[in-house]
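Novice:
Number of protein chains: 2
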Amino acid sequence: MKRIFFDIDDTLFPSSQFAEKARKNAVRAMVEQGLGYREDEVYSKLLKIIRKKGSNYPRHFDLLCRELGVKRPARYIAAAIAGYHSTKTGILPYPEVKKVLSLLKKKGYKLYVATNGSSLKQWDKLIILGLAPYFEDVFVSEEIGSEKSAAFFRKILKKLRERPGNCVMVGDREEKDIFPAKKAGMATVRVLRGKYRSGKSAADFRVRNLKPLRDMIKKL
Amino acid sequence: MKRIFFDIDDTLFPSSQFAEKARKNAVRAMVEQGLGYREDEVYSKLLKIIRKKGSNYPRHFDLLCRELGVKRPARYIAAAIAGYHSTKTGILPYPEVKKVLSLLKKKGYKLYVATNGSSLKQWDKLIILGLAPYFEDVFVSEEIGSEKSAAFFRKILKKLRERPGNCVMVGDREEKDIFPAKKAGMATVRVLRGKYRSGKSAADFRVRNLKPLRDMIKKL
Numbered sequence: 022m023k024r025i026f027f028d029i030d031d032t033l034f035p036s037s038q039f040a041e042k043a044r045k046n047a048v049r050a051m052v053e054q055g056l057g058y059r060e061d062e063v064y065s066k067l068l069k070i071i072r073k074k075g076s077n078y079p080r081h082f083d084l085l086c087r088e089l090g091v092k093r094p095a096r097y098i099a100a101a102i103a104g105y106h107s108t109k110t111g112i113l114p115y116p117e118v119k120k121v122l123s124l125l126k127k128k129g130y131k132l133y134v135a136t137n138g139s140s141l142k143q144w145d146k147l148i149i150l151g152l153a154p155y156f157e158d159v160f161v162s163e164e165i166g167s168e169k170s171a172a173f174f175r176k177i178l179k180k181l182r183e184r185p186g187n188c189v190m191v192g193d194r195e196e197k198d199i200f201p202a203k204k205a206g207m208a209t210v211r212v213l214r215g216k217y218r219s220g221k222s223a224a225d226f227r228v229r230n231l232k233p234l235r236d237m238i239k240k241l
Numbered sequence: 022m023k024r025i026f027f028d029i030d031d032t033l034f035p036s037s038q039f040a041e042k043a044r045k046n047a048v049r050a051m052v053e054q055g056l057g058y059r060e061d062e063v064y065s066k067l068l069k070i071i072r073k074k075g076s077n078y079p080r081h082f083d084l085l086c087r088e089l090g091v092k093r094p095a096r097y098i099a100a101a102i103a104g105y106h107s108t109k110t111g112i113l114p115y116p117e118v119k120k121v122l123s124l125l126k127k128k129g130y131k132l133y134v135a136t137n138g139s140s141l142k143q144w145d146k147l148i149i150l151g152l153a154p155y156f157e158d159v160f161v162s163e164e165i166g167s168e169k170s171a172a173f174f175r176k177i178l179k180k181l182r183e184r185p186g187n188c189v190m191v192g193d194r195e196e197k198d199i200f201p202a203k204k205a206g207m208a209t210v211r212v213l214r215g216k217y218r219s220g221k222s223a224a225d226f227r228v229r230n231l232k233p234l235r236d237m238i239k240k241l
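Chains A and B, in that order, are what the protein sequence lines are. Take 22 as the starting number for the first sequence in my numbering and just add one per residue. Take 22 as the starting number for the second sequence in my numbering and just add one per residue.
#1: What's the call for N46/A, buried or exposed, on a 16-neighbour Cβ count within 10 Å?
#2: Which stretch, first to last residue, makes up the beta strand (DSSP E) that contains L152/B?
#3: For the alpha helix (DSSP H) containing I165/B, name the first residue and the last one.
#4: Quick one: give me the first and last residue of the beta strand (DSSP E) that R211/B is part of.
#5: R87/B CB to nearest chain A CB: under 7 Å?
#6: Is I25/B helix, strand or coil by DSSP?
#7: Which two residues bound the contiguous alpha helix (DSSP H) that contains L125/B?
#8: What does DSSP give as the partner residues of C188/A in its beta bridges?
#9: Any idea which residues DSSP pairs T136/A with across the strands?
#10: Does the Cβ of S123/A have 16 or more other Cβ atoms within 10 Å, making it buried, or fewer, making it exposed?
#11: Pull out every residue of the region 140 to 152 of chain A whose Cβ sits closer than 7 Å to any Cβ of chain B, in chain order.
#12: Beta-carbon separation of R211/A and D31/A under 7 Å?
#13: So with Cβ pairs under 7 Å, would you call I29/B a contact of chain A?
#14: Is the shortest distance between the beta-carbon of A100/A and the beta-carbons of chain B less than 7 Å?
#15: Which term fits T110/B, buried or exposed, when burial requires 16 or more other beta carbons within 10 angstroms of its beta carbon?
#16: Tell me, please, whether the region 142 to 154 of chain B touches the region 99 to 118 of chain B by the rule of three or more beta-carbon pairs shorter than 8 Å.
#17: Would T209/B and K216/B qualify as a contact pair, given that the criterion is a beta-carbon distance under 7 Å?
#18: For E60/A, which residues in chain B fall below 8 Å Cβ to Cβ?
#19: For chain B, find out if any of its Cβ atoms is closer than 7 Å to the Cβ of R80/A; answer yes or no.
#20: Since T110/B meets chain A, which of its residues come closer than 9 Å, beta carbon to beta carbon?
#21: For F39/A, I'd like the list of residues in its chain whose CB is within less than 6 Å of its CB, leaving aside the five on either flank, ordered along the chain.
#22: Please determine, among G186/A, S139/A, K179/A and R235/A, the residue with the shortest C-alpha to C-alpha distance to N77/A.
#23: Please compile the residues from chain B whose C-beta is within a distance smaller than 8 Å of the C-beta of Q54/A.
#24: With 16 other CB atoms within 10 Å as the buried threshold, where does S36/B fall?
#25: Measure how close the beta-carbons of A100/A and A50/A come, nearest whole angstrom, since I'm counting them as under 8 Å.
#26: Could you compute how far the alpha carbon of R194/A sits from the alpha carbon of D225/A?
#27: In the DSSP output, what is R227/B paired with across the bridge?
#28: Going by DSSP, name the residue or residues bridged to F34/A.
#29: Pick helix, strand or coil for K45/B, following the three-state DSSP scheme.
#30: Identify the contact partners of E164/A in chain B, using a Cβ-Cβ distance below 9 Å as the criterion.
#31: Do you know whose CA, among I165/A, L125/A, A95/A and K232/A, lies nearest R93/B's CA?
#32: May I ask which residues mark the beginning and end of the alpha helix (DSSP H) holding S107/B?
#33: If you reduce the DSSP assignment to three classes, tell me which class K73/A lands in.
#34: Quick one: is A2/A buried, meaning 16 or more other Cβ sit within 10 Å of its Cβ, or exposed?
#35: Mind pulling the chain B residues with CB within less than 8 Å of A103/A?
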């Protein structure tokens with residue numbers, strides 16, 4: 022094993038937890054500006070919009086204001102965005118992550134990120150979390166040109182001129198991390214964290230945090 | 022005098038100073054991520070782009086990366102945005118502002134904001150500065166449908182069903198605050214702060230900060 026690939030969300034930091042907190046802070050900030058609705062009403066309306074439009078839709082708060090019939094929404098959208106972003110100052114990786122990544126680098130492994138999403142958003146997370154310096158490179162679906170799939174991983178292997186047998190993928194989602202990496206011939210470690218922590222897994226190993234990673238990788 | 026209108030930038034908080042600091046933090050964050058240029062080179066290139074495109078152009082950092090020939094810009098744009106926004110946590114109104122606004126409200130004056138720009142951005146400033154609660158209403162050129170001009174102020178007076186003789190405009194820019202408000206028949210106070218602090222003024226009063234405001238308004 023030479024190269025280890027990591028997913029970001031719910032693998033390196035508690036993404037689901039952060040999103041919930043950030044959305045609640047956004048809603049509170051709107052209500053504090055005099056929106057005229059209760060926080061729980063606004064929050065459940067926001068969740069409906071997110072379910073309908075997907076979490077990457079960039080105008081949740083605009084739509085929320087429109088559905089609430091707000092006539093001059095700028096004040097509330099500005100408050101929501103400021104509330105959402107204020108949550109970022111408290112965002113940290115899972116407690117063991119930096120220590121484990123340091124150790125793996127010291128032992129000579131090359132570390133990468135392999136993630137779905139927008140390059141800008143995923144880089145933003147790595148920079149704010151202070152994790153960018155640990156990785157040789159960061160592969161985001163937007164730049165690769167396809168969402169995580171066997172093809173996604175094969176493109177990365179080609180770029181690195183590496184055989185899949187020398188690589189491990191570490192992630193929390195069976196169908197986005199484990200299944201496609203395995204199909205591309207890589208070893209896999211499933212991290213049982215965040216909202217996708219349950220369910221069957223075909224991964225070589227399953228872990229509750231990243232601490233056992235080094236010992237496992239030696240066995241692969 | 023019943024109603025007092027305030028400009029935001031360089032009237033209620035040190036906007037020019039903030040922008041410089043935020044841009045420098047953005048550039049530093051890009052260089053820290055391994056951009057491969059010196060901070061002063063990148064900063065002067067950024068200033069050129071801002072001069073050319075205006076400070077409200079939303080893609081300064083994209084353009085900066087393109088001009089520097091960066092092949093995969095997401096990392097550096099994300100760093101720049103995070104660096105820029107990190108500056109916001111330290112942003113505060115000029116030291117006397119909250120005290121003066123409180124006093125004026127207590128004395129029965131109705132306070133408003135009259136500002137050029139995007140509603141979202143101007144609300145963002147008021148919320149982050151903690152100034153939103155002081156104002157009865159906020160008039161932004163984007164919503165009013167014209168930049169600060171005699172027509173801009175006349176529209177506001179019509180909305181409030183108020184005579185110009187009962188109103189004072191307080192701002193730092195002769196041609197955007199003083200001249201058009203005067204033309205609409207309002208009294209004017211020029212604040213000598215920020216990068217437009219010098220130059221002649223036709224304002225009824227000129228002040229170095231907002232402290233003398235109450236006494237002046239009594240004289241008008």
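Every residue, glycine too, gets a C-beta built ideally from N, C-alpha and C. Predicted, not measured: the structure shown is a model, and the values here were computed from it.
Specialist: Here's the rundown:
#1: The residue is buried, with at least 16 neighbouring Cβ atoms inside 10 Å.
#2: Here L152/B belongs to no beta strand (DSSP E), and DSSP marks it neither H nor E.
#3: In the DSSP assignment, I165/B falls within the unbroken alpha helix (DSSP H) covering S162 to I165.
#4: Residues A208 to V212.
#5: Not one chain A Cβ lies under 7 Å of R87/B.
#6: When DSSP states are grouped into helix, strand and coil, I25/B belongs to the strand group.
#7: Residues V118 to K127.
#8: Among the bridge pairs identified by DSSP, C188/A is matched with R24/A.
#9: DSSP, once it has assigned bridges, lists V161/A as partnering T136/A.
#10: Per the 10 Å Cβ criterion, exposed.
#11: Those residues of the region 140 to 152 of chain A that come within reach of chain B (Cβ to Cβ, closer than 7 Å) are S140, L141, W144, D145, I148 and I149.
#12: Pairing R211/A with D31/A gives a Cβ-Cβ distance that is not under 7 Å.
#13: For I29/B, no CB of chain A lies under 7 Å from its own CB, so it is not counted at the interface with that chain.
#14: At least one C-beta of chain B is nearer than 7 Å to the C-beta of A100/A.
#15: Flag for T110/B reads exposed.
#16: Three or more Cβ pairs closer than 8 Å define a contact, and the region 142 to 154 of chain B meets that threshold against the region 99 to 118 of chain B.
#17: T209/B is not a Cβ neighbour of K216/B, given a cutoff of 7 Å.
#18: The premise fails here: E60/A is roughly 17 Å from chain B at the closest Cβ pair, so nothing lies under 8 Å.
#19: Residue-level contact by beta carbon fails for R80/A and chain B, as no gap is shorter than 7 Å.
#20: Within chain A, the C-beta atoms nearer than 9 Å to that of T110/B come from S107 and T110, in chain order.
#21: These residues qualify, in order along the chain: I112.
#22: Checking every option, the nearest Cα to that of N77/A belongs to S139/A.
#23: Those are I148 and A153, listed as they occur along chain B.
#24: S36/B is classed as buried because its beta carbon has at least 16 other beta carbons within 10 Å across all chains shown.
#25: Right, their Cβ atoms sit about 4 Å apart.
#26: Within the model, the alpha-carbon separation for R194/A versus D225/A is close to 14 Å.
#27: For R227/B, the pairing in a beta bridge is given by DSSP as R211/B.
#28: Note: F34/A sits in a beta bridge opposite D30/A.
#29: Here K45/B sits in helix by DSSP.
#30: At a C-beta separation below 9 Å, E164/A has these neighbours in chain B: R93 and A95.
#31: The shortest Cα separation from R93/B among I165/A, L125/A, A95/A and K232/A belongs to I165/A.
#32: It spans A95 to S107 - the alpha helix (DSSP H) in which S107/B sits, taken as one unbroken run.
#33: Looking at K73/A - three-state DSSP - the assignment turns out to be helix.
#34: Not covered by the structure: residue 2/A. The range shown for chain A is 22 to 241.
#35: By Cβ distance, chain B contributes D145, I148 and I149.
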